[in-house]
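Sequence lines, in order, name chains W and H. The opening residue of the first sequence carries number 2 in the numbering used here; numbering runs sequentially from there. The opening residue of the second sequence carries number 22 in the numbering used here; numbering runs sequentially from there. Note that the Cβ used here is the ideal one computed from N, Cα and C, for glycine as well. Step one of this worksheet: look at the structure below.
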Amino acid sequence: MTKKRYILNFPPESGDKAFTYYLVKDYDLRINILKAEVYPGKRGSLLLELEGKKENIEKGVEYIRNSKVTCESLDKRIRWNEEKCINCGNCTAVCFANALTMDRTNWTLAFDKNKCVVCELCIAACPLHLFEIDFR
Amino acid sequence: MPKTKTYKEINRKLKSGDAVVLTAEEVSELAKKLSPEEIVEKVDVVTTATFGAMCSSGAIINFGHADPPIRMEKIRLNGVPCYEGWAAVDSYIGAAACNPDNPSYGGAHVIQDLLEGKDVVLEAWGKGTDDYPRKHIKTKININTVNEFTLFNPRNAYQNYNVAVNTAKRILHTYMGTLLPNLRNATYSTSGELSPLINDPEMKTIGIGTRIFLGGAQGFVVWPGTQFHTSRPKNEYGVPVTNAATLAVIGNLKEMSPEYLQAAYYEKYGTSMFIGVGIPIPVLNADIAKRVSINNSQIESHVVDFGIVGEPKVGQVTFEQLQSGSITVNGKKIRTAPVASLAKARKIAGELKEWLLNGEFEVSKPVQLFPTNTSLKSLKETEVDND
């Protein structure tokens with residue numbers, strides 16, 4: 002069993018499809034909706050965690066993409082400019098998902114993107130503005 | 022007769038390559054096995070360092086005279102206001118200065134841009150005088166076109182700093198980072214046992230004229246920093262448990278490195294600058310050896326509540342507890358996070374150690390020691406006559 006997070010962006014015409022139902026029923030995936038934003042008549046964004054057999058996740062993602070919905074792995078939508086990071090730790094103060102933590106031996110920042118819940122608090126908390134997340 | 026050493030002896034050893042230099046973390050480790058008397062025998066210099074946001078920082082700049090010349094009476098660098106109350110082309114740009122229309126780009130960012138060799142737009146206005154007839158200038162400057170470019174920070178390297186928490190129901194955006202509501206996080210600054218003024222709490226070796234590492238170059242302590250306070254409560258190890266002494270420092274920005282200076286913007290607060298400061302402490306006697314041996318379990322700080330006006334004290338914790346990842350405040354276990362870079366401070370302490378060992382850096386006896394028994398006044402408001 003594997004677990005992976007994806008960001009889905011729905012164009013206005015795809016807003017009425019019951020994706021999660023089919024992902025469970027046809028692909029045997031365990032779904033955790035971590036964040037959702039819907040703008041009626043416009044578009045919507047969803048952060049999903051998919052858990053299941055690796056090939057089922059791949060098939061499920063393909064099904065979503067074939068339905069004209071963008072589906073991209075979360076880590077591809079998060080950017081952390083590591084090279085410029087000074088390891089101050091400000092971002093770890095707000096990351097209650099524990100995606101951003103300090104390595105307690107060398108006091109450098111560790112970022113586990115798979116734990117991110119896209120709360121986006123790190124974007125403003127970083128005094129160097131080194132985080133970018135494309136959710137919408 | 023207890024062992025003592027002089028500055029001269031230590032400098033001679035540094036020059037001949039016989040000196041033993043350790044970082045403050047290394048000496049704290051060594052102190053688990055050796056007594057202060059043994060440390061004086063073995064260790065000559067201990068390097069300390071910090072890398073945190075220090076708002077009272079800035080740069081003195083002399084732009085040079087244009088032809089025809091202008092007496093600059095209003096000055097902007099990339100739109101950021103600079104001080105204009107000095108002679109015609111002298112100015113000072115504070116790290117926290119900003120144009121309110123563009124609050125995330127401040128004086129610190131201008132200093133960083135110049136330091137990185139980028140062009141910056143200088144615009145200045147004057148009323149025009151007989152000797153300075155020009156009224157306006159708009160041109161590009163960079164680190165090579167200006168005369169002096171001097172980092173002068175009136176308050177750096179705070180000796181200890183309060184830990185920040187927030188009991189209020191709303192999120193707070195502060196210079197101590199983002200404080201989540203209802204005691205959901207605590208933030209702390211300083212580099213603990215590596216911190217300069219914690220290793221010499223009575224400032225017996227750090228004073229006016231002390232040669233230091235500043236922003237990657239050699240700089241100097243020039244004065245006690247603003248809000249210099251030596252009467253704060255101390256713990257049993259002689260370390261102040263709250264914001265206490267500070268340093269005013271100076272150095273040549275043209276010799277500094279962007280590696281050790283970093284502009285910052287705190288959401289809904291403003292701009293500031295991370296400053297890399299490293300200070301060598303000569304181990305002159307057993308008392309100093311004992312001071313530099315201090316470790317994180319012996320350093321304590323007040324925990325204050327930013328959610329209540331007046332920031333009341335709500336606890337006291339050790340640096341060791343802060344580094345463990347959580348502390349307990351009001352019976353609640355809360356997550357801790359640093360807001361100053363220990364990784365960078367370690368790098369500075371290491372670099373300063375190299376400079377000392379290579380004979381590139383001497384320890385210097387302060388020209389004058391700092392005052393003692395100082396305290397702080399608050400601003401008392403009195404009625405203003407309107408006549």
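Residue of the options minimising C-alpha distance to residue i
i, options, result
"Ile348 (chain H)", "H:Gly291, H:Leu204, H:Val66, H:Gly198", "H:Leu204"
"Ser318 (chain H)", "H:Lys334, H:Ile132, H:Gln344", "H:Gln344"
"Arg97 (chain H)", "H:Ala40, H:Lys159, H:Lys139, H:Val67", "H:Lys159"
"Glu375 (chain H)", "H:Gly237, H:Ala178, H:Glu94", "H:Gly237"
"Thr3 (chain W)", "W:Lys54, W:Phe20, W:Leu35", "W:Lys54"
"Tyr182 (chain H)", "H:Phe382, H:Val298, H:Thr267", "H:Thr267"
"Leu110 (chain W)", "W:Leu75, W:Asn99, W:Glu63, W:Val118", "W:Asn99"
"Lys95 (chain H)", "H:Val110, H:Lys139, H:Glu321", "H:Val110"
"Ile8 (chain W)", "W:Thr102, W:Lys114, W:Leu122", "W:Lys114"
"Val324 (chain H)", "H:Ser278, H:Gly336, H:Val260", "H:Gly336"
"Pro12 (chain W)", "W:Pro41, W:Arg105, W:Leu48", "W:Pro41"
"Glu137 (chain H)", "H:Pro279, H:Arg356, H:Asn256", "H:Pro279"
"Pro102 (chain H)", "H:Pro89, H:Asp88, H:Ile132", "H:Ile132"
"Ala178 (chain H)", "H:Thr247, H:Val384, H:Leu400", "H:Thr247"
"Arg31 (chain W)", "W:Arg44, W:Ala19, W:Asp17, W:Glu50", "W:Glu50"
"Arg6 (chain W)", "W:Thr106, W:Tyr22, W:Lys77", "W:Lys77"
"Arg330 (chain H)", "H:Lys139, H:Thr25, H:Ala189, H:Gly100", "According to the sequence provided, residue 330 (chain H) is Val. The question's Arg does not apply to it. The candidate whose alpha carbon is nearest that of Val330 (chain H) is H:Ala189."
"Ile162 (chain H)", "H:Thr208, H:Pro124, H:Asn83", "H:Asn83"
"Thr263 (chain H)", "H:Pro222, H:Lys36, H:Ser399", "H:Pro222"
Per DSSP, the bridge partner or partners of residue i
i, result
"His157 (chain H)", "H:Trp146"
"Asp111 (chain H)", "H:Asn83"
"Lys36 (chain W)", "W:Leu48"
"Leu9 (chain W)", "W:Leu47, W:Cys72"
"Ser322 (chain H)", "H:Val338"
"Phe295 (chain H)", "H:Ala74, H:Gln283"
"Thr69 (chain H)", "H:Ile300"
"Met103 (chain W)", "W:Leu110"
"Ser347 (chain H)", "H:Arg356"
"Asn273 (chain H)", "H:Thr171"
"Pro261 (chain H)", "H:Lys255"
"Cys103 (chain H)", "H:Ile96"
"Ala238 (chain H)", "H:Leu235"
"Pro57 (chain H)", "Looking at the DSSP assignment, Pro57 (chain H) forms no beta bridge with any residue, so it has no partner."
"Gly198 (chain H)", "H:Thr195"
"Gln389 (chain H)", "H:Ile229"
Interface flag, residue i vs chain H, CB-CB below 8 angstroms
i, result
"Val119 (chain W)", "no"
"Asn91 (chain W)", "yes"
"Asn107 (chain W)", "yes"
"Asn88 (chain W)", "yes"
"Ala126 (chain W)", "yes"
"Leu131 (chain W)", "no"
"Ala111 (chain W)", "no"
"Ala94 (chain W)", "yes"
"Leu122 (chain W)", "yes"
"Met2 (chain W)", "no"
CB contact below 8 angstroms: residue i versus chain W
i, result
"Tyr287 (chain H)", "yes"
"Phe340 (chain H)", "no"
"Ser362 (chain H)", "yes"
"Ala70 (chain H)", "no"
"Gln344 (chain H)", "yes"
"Gln133 (chain H)", "no"
"Gly428 (chain H)", "The displayed coordinates of chain H run from 22 to 408. Any statement about residue 428 (chain H) would go beyond what the structure contains."
"Phe74 (chain H)", "In the sequence as presented, Phe is not what sits at residue 74 (chain H); that position holds Ala. By this cut-off, Ala74 (chain H) is an interface position."
"Thr188 (chain H)", "no"
"Ala238 (chain H)", "no"
"Asn206 (chain H)", "yes"
"Phe327 (chain H)", "no"
"Ala358 (chain H)", "yes"
"Phe295 (chain H)", "yes"
Inter-residue CB distance, residue i and residue j (contact presumed, cutoff 8 angstroms)
i, j, result
"Met197 (chain H)", "Val64 (chain H)", "Wrong, their Cβ atoms sit about 34 angstroms apart, outside the cutoff."
"Asn206 (chain H)", "Ala358 (chain H)", "6 angstroms"
"Val141 (chain H)", "Asp134 (chain H)", "5 angstroms"
"Gly240 (chain H)", "Ile233 (chain H)", "5 angstroms"
"Ala125 (chain W)", "Thr393 (chain H)", "The pair is not a contact, with the Cβ atoms about 42 angstroms apart (cut-off 8 angstroms)."
"Pro23 (chain H)", "Glu58 (chain H)", "6 angstroms"
"Leu47 (chain W)", "Leu75 (chain W)", "That pair is no contact at about 11 angstroms."
Any C-beta of chain C under 8 angstroms from that of residue i
i, result
"Leu9 (chain W)", "In the displayed structure, chain C is absent; the protein chains listed are W and H."
Residue i CB to nearest heavy atom of the ligand ADP below 7 angstroms
i, result
"Asn57 (chain W)", "The ligand ADP is absent from the structure shown, which contains no ligands of any kind."
Check: Is there contact between the stretch 359–373 of chain H and the stretch 42–57 of chain H, where contact requires at least three CB pairs shorter than 8 angstroms?
Finding: yes
Notebook entry, point to check: With contact counted as at least three CB pairs below 8 angstroms, one residue from each stretch, are the stretch 65–79 of chain H and the stretch 151–169 of chain H in contact?
Noted result: no
Notebook entry, point to check: Is the number of C-beta pairs between the stretch 261–277 of chain H and the stretch 117–133 of chain W that are closer than 8 angstroms three or more?
Noted result: no
Checklist line | Meets three-Cβ-pair contact criterion under 8 angstroms: the stretch 71–91 of chain H and the stretch 109–116 of chain H | finding: yes
Notebook entry, point to check: Would you call the stretch 330–346 of chain H and the stretch 207–215 of chain H in contact, with 3 or more CB pairs under 8 angstroms?
Noted result: yes
Checklist line | Given 8 angstroms, three or more beta-carbon pairs between the stretch 29–37 of chain H and the stretch 286–298 of chain H | finding: no
Notebook entry, point to check: For the stretch 76–83 of chain W against the stretch 23–41 of chain W, are there 3 or more C-beta pairs whose distance is under 8 angstroms?
Noted result: no
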